[in-house]
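Okay, structure first, notes after.
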Amino acid sequence: MAIHQESDAKQASRQMILQACSSLHRNNLTYLGMPAEAALDIKTLKSVLQNVICIADNSNTLAETKRSIAGLRLLQKRFKTIDVWAYLRDEYPSESLIADVTFLDFYGGGIMKDDPFATEIAALRSYFAKQARFPNRAFVFAWTFMPHDKGKGVYVSALEKQKMSAIEAELVRDATGVRFRAIALRVLLRQILDEHGFAVKLFHQLLYKQVMSTMILLFCKGIDPQCDVPLGSPDTLIQEPYYAYESGRPIPSQMSLLA
Amino acid sequence: MTFKRRSVTFDLNDIGSQVIDQISSDIYAGPGSILRELIKNAYDAYLPVDADELEEEGVNREIQVSRVRDEDGTGHLYVADNGIGQSFEELRANVQISISKKPTELDDATGFRGLGSWAILGAGSNIIITSKTKNATSRSRLEMNVRRIHEKMGGDTTLDDILNDPDCISFAIEEYKEGRAEHGTTVEIECDGPTETVNGFELNRLYDFTNPDEGALKGILVVTCPIPYSSEGGGYKEIHQVYNRSRYIPTQLSLDGVQLERRLPPELTNFHTTDISIGGNLAAIVWYAEDPKESGVLSIDDGKHLVGGPGVQLMRLNVPIGPKNIFHDGAARENLLNWYVGEVHLVMADVLPNASGQDLRAGLSRQLFIEQLQNFYKTLDQQADTKSVRLSLEKHLKRGIEAATKLDTKTLTEREQQGAKSLVLKAVQTIEEIAASTKGKTKEAQKIRNALTDPAIKTLRDNAKKSLKVGNWLQKFGKSGTSSTTASRATAQRKDPPPSRKSRTSSEGFQARVATYIPKLEALGLSDPQVKGVLAIIEELFTSGQSVS
Chain E
621 MAIHQESDAK
631 QASRQMILQA
641 CSSLHRNNLT
651 YLGMPAEAAL
661 DIKTLKSVLQ
671 NVICIADNSN
681 TLAETKRSIA
691 GLRLLQKRFK
701 TIDVWAYLRD
711 EYPSESLIAD
721 VTFLDFYGGG
731 IMKDDPFATE
741 IAALRSYFAK
751 QARFPNRAFV
761 FAWTFMPHDK
771 GKGVYVSALE
781 KQKMSAIEAE
791 LVRDATGVRF
801 RAIALRVLLR
811 QILDEHGFAV
821 KLFHQLLYKQ
831 VMSTMILLFC
841 KGIDPQCDVP
851 LGSPDTLIQE
861 PYYAYESGRP
871 IPSQMSLLA
Chain H
417 MTFKRRSVTF
427 DLNDIGSQVI
437 DQISSDIYAG
447 PGSILRELIK
457 NAYDAYLPVD
467 ADELEEEGVN
477 REIQVSRVRD
487 EDGTGHLYVA
497 DNGIGQSFEE
507 LRANVQISIS
517 KKPTELDDAT
527 GFRGLGSWAI
537 LGAGSNIIIT
547 SKTKNATSRS
557 RLEMNVRRIH
567 EKMGGDTTLD
577 DILNDPDCIS
587 FAIEEYKEGR
597 AEHGTTVEIE
607 CDGPTETVNG
617 FELNRLYDFT
627 NPDEGALKGI
637 LVVTCPIPYS
647 SEGGGYKEIH
657 QVYNRSRYIP
667 TQLSLDGVQL
677 ERRLPPELTN
687 FHTTDISIGG
697 NLAAIVWYAE
707 DPKESGVLSI
717 DDGKHLVGGP
727 GVQLMRLNVP
737 IGPKNIFHDG
747 AARENLLNWY
757 VGEVHLVMAD
767 VLPNASGQDL
777 RAGLSRQLFI
787 EQLQNFYKTL
797 DQQADTKSVR
807 LSLEKHLKRG
817 IEAATKLDTK
827 TLTEREQQGA
837 KSLVLKAVQT
847 IEEIAASTKG
857 KTKEAQKIRN
867 ALTDPAIKTL
877 RDNAKKSLKV
887 GNWLQKFGKS
897 GTSSTTASRA
907 TAQRKDPPPS
917 RKSRTSSEGF
927 QARVATYIPK
937 LEALGLSDPQ
947 VKGVLAIIEE
957 LFTSGQSVS
């Protein structure tokens, strides 16, 4: 059974994702993510969920997830023992459910694979391509990452085919640590969202004790009349602030990636 | 001879392991009885929890049944509740046999036998029970490896060999740094493949039902498990009053995320409640509903209403006992009981279901209760009869009034006139039957008198008389040829000899009777000219018959 202890940051992330979901004003959402044994993502979001797609690369983890959510009223449940990137790239396009809220919750970095174009980037493209088939419907996309990954070089390599503005290129070149990773992922997402004509809003990005960051996006192709958060151009992503949660402070500090 | 007492002690080694199979296979054989046992336990788990506390926690009083079929074919069936939960020691008690504290510690518990997890053993290949109490710093787990247990079971092994083998039964605990609020129990039945026999013992019995696309499980839950009536259907208030009196606490049941709720079909607007007593003590509380406008066996869309078809269901704490109309034999005609939907909620403490849930436990009270239940069935049978007569009278009188009105307009075609006259004739006959029934001693007369207790029928009869007088139909079609009063008609019928064939068969009356057969001729596929031809033949036969007599 799981022994992973929950951090305040994770709980805060889930609450923020729930808020993002609430702004969609639909209570029949489909969750896609890696809920782990205790399935706390799903338990936190249960009031707005109808279906779940649970991914884990370990079948024992999924067995526990199944038990953990057995008491929740969910219509359709999918459990996939597979790497999440491989799932998004290869299986998600043919999945009959469409994920309304997607939470890529990594203990490690955002971009980790040796060949990010074959895995992470291909998976993201596959995911957003499917979402683009459902216009006028807003989605929530959340991504948690930590800096203990394979280093800046992997991100730089993943970004080498991206079209970047002069500011973005400068930020990518100069930034370090979690801030750099946040910039890299926003640039990556900006380009993919732009390609499919999505409007987007960075609902929230939290940075917890300089080690963990969760980025929550709301995006939609066209206009979702039920979504009460105004969405804008993907180009604005890089300008959106993030919030640093640090110990000893009662409130998070608003920070800019551009600074 | 002198016998001296000697002390002998027994332990688990004195009990053969096959006793386990006798519990799980002989009593809890079918999916319904296994599911019922699990759901009853889940229901009981809510009994010690304060309702206000649940509300404060935002926790629904509900039982979730859900299924997952893995890509490798392994099936899982889960029954989960947010009830009191079990500590490690309490979880251990699941393995004990016939040691249940429920009857003494929990009022109104549905389970009382203490057969615990053994009751569901053959359902899967692995049974995993995970439970946690409120604010506990740990979660406990019991795992029963059914395949291993079955492999070990046999004449050479004892209960001790099974209970104390960690490969058969194992316990685990997950500890947290801090207490967690969530509480409840999840029972998982894992089936690693289709039903099979291992060492002569069956396992994976529920495999077919672990597929979420399978549709039969819903029907099984409907007929075996406690499912409350929805607030959206008719009779809600009254039914929930019966729940309250019978001490059942409505607890939602969901299957694969869909809440199951019984709904009374909207046409069943005639709602009744009554009590069944034995020796002055309340034995059961009954409700039943019927369609006041229709007679016959109810046609119910059970996919929508989840009432398990028509008929009367015996219950205890809303858990169905046996099939509908149980014990009706010799007391009432089952097809008449199926004119109703109803429930009999047992409240008497010593009238309990047996282990299989298909019958009542043997005992003196059982027989006394069955007699009273059968008396209740008899009243339903009689009421159905009365309703049938009432509806028949109502139908004929109403149709006769309508037909007479149309005939008076003199705008009907020849064929329409024939049809209308046949309806008028039937109405006249109905009025005569009503009149004759006042002093008749036959069962039929009694049924008519019972039907006439409904004042609407009397009013309708009076209206019919008025309408039929206008066209002089009472005289034309009436037996006596006059529109006499009920009393004088009855007197006349008693005094007069049986009417001759000739006097009984006036041409108008005969014509009307023949008209009733026209739709049948059409149904046979006869064209209009062919029908006309047949009618001409009948007329010829009638005329010749009249002249012969």
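Sequence order for the protein chains is E and H. So the mapping is simple: our numbering equals the position in the first sequence, first residue as 1, plus 620. So the mapping is simple: our numbering equals the position in the second sequence, first residue as 1, plus 416. Backbone N, C-alpha and C define an ideal beta-carbon position, used for all residues, glycine too. None of these values were measured; they are calculated from a predicted model.
Beta carbon of residue i, beta carbon of residue j: below 8 Å?
i	j	result
residue 728 (chain H)	residue 701 (chain H)	no
residue 545 (chain H)	residue 558 (chain H)	yes
residue 806 (chain E)	residue 857 (chain E)	yes
residue 768 (chain H)	residue 622 (chain H)	no
residue 626 (chain H)	residue 835 (chain H)	no
residue 759 (chain E)	residue 720 (chain E)	yes
residue 502 (chain H)	residue 556 (chain H)	yes
residue 672 (chain E)	residue 641 (chain E)	no
residue 822 (chain E)	residue 808 (chain E)	no
residue 674 (chain E)	residue 664 (chain E)	no
residue 763 (chain E)	residue 827 (chain E)	no
residue 549 (chain H)	residue 500 (chain H)	yes
residue 611 (chain H)	residue 461 (chain H)	no
residue 831 (chain E)	residue 870 (chain E)	no
residue 801 (chain H)	residue 863 (chain H)	yes
residue 764 (chain H)	residue 694 (chain H)	yes
residue 593 (chain E)	residue 772 (chain E)	Here chain E comprises residues numbered 621 to 879, so residue 593 (chain E) is not present and cannot be evaluated.
residue 876 (chain H)	residue 810 (chain H)	yes
residue 742 (chain E)	residue 816 (chain E)	no
Residue i bridges to which residues according to DSSP?
i	result
residue 840 (chain E)	E:819
residue 547 (chain H)	H:556, H:601
residue 769 (chain H)	H:776
residue 542 (chain H)	H:561, H:606
residue 483 (chain H)	H:493
residue 725 (chain E)	E:764
residue 706 (chain H)	H:686, H:756
residue 834 (chain E)	E:764, E:826
residue 729 (chain H)	H:759
residue 874 (chain E)	E:863
residue 773 (chain E)	Answer is none; residue 773 (chain E) lacks a bridge partner.
Give me the Cβ distance between residue i and residue j, rounded to the nearest whole Å; I'm assuming they're in contact under 8 Å.
i	j	result
residue 757 (chain H)	residue 736 (chain H)	In fact, because the Cβ distance is near 13 Å, the residues do not count as touching under 8 Å.
residue 818 (chain E)	residue 845 (chain E)	Rounded, the Cβ-Cβ distance is 16 Å, inconsistent with contact.
residue 780 (chain H)	residue 730 (chain H)	The Cβ separation is near 18 Å, so there is no contact.
residue 894 (chain H)	residue 844 (chain H)	6 Å
residue 543 (chain H)	residue 605 (chain H)	6 Å
residue 673 (chain H)	residue 482 (chain H)	7 Å
residue 540 (chain H)	residue 562 (chain H)	6 Å
residue 677 (chain H)	residue 646 (chain H)	4 Å
Flag residue i as yes if its beta-carbon sits less than 8 Å from any beta-carbon of chain E, otherwise no.
i	result
residue 426 (chain H)	no
residue 482 (chain H)	yes
residue 498 (chain H)	yes
residue 494 (chain H)	yes
residue 600 (chain H)	yes
residue 604 (chain H)	yes
residue 546 (chain H)	yes
Using 8 Å as the limit for Cβ to Cβ distance, is residue i near chain H?
i	result
residue 629 (chain E)	no
residue 692 (chain E)	yes
residue 650 (chain E)	no
residue 687 (chain E)	yes
residue 860 (chain E)	no
residue 621 (chain E)	With a pLDDT of 39 at residue 621 (chain E), under the threshold of 50, the predicted position of this residue should be treated as unreliable, though the coordinate-derived value follows. It does; some Cβ of chain H falls within 8 Å.
residue 867 (chain E)	no
Next on the checklist: Give me the subset of the segment 695–728 of chain E whose CB atoms are less than 7 Å from a CB atom of chain H, sorted by chain position.
Outcome noted: For the segment 695–728 of chain E, which is checked against every Cβ of chain H, the residues closer than 7 Å are 695, 697, 699.
Next on the checklist: Residues of the segment 841–858 of chain H in Cβ contact with chain E at a cutoff of 9 Å, in chain order, please.
Outcome noted: Residues passing the 9 Å Cβ filter: none.
Next on the checklist: Closer than 8 Å between beta carbons: that is the criterion. Which residues of the segment 662–687 of chain H meet it against chain E?
Outcome noted: 670, 672, 673, 674, 675
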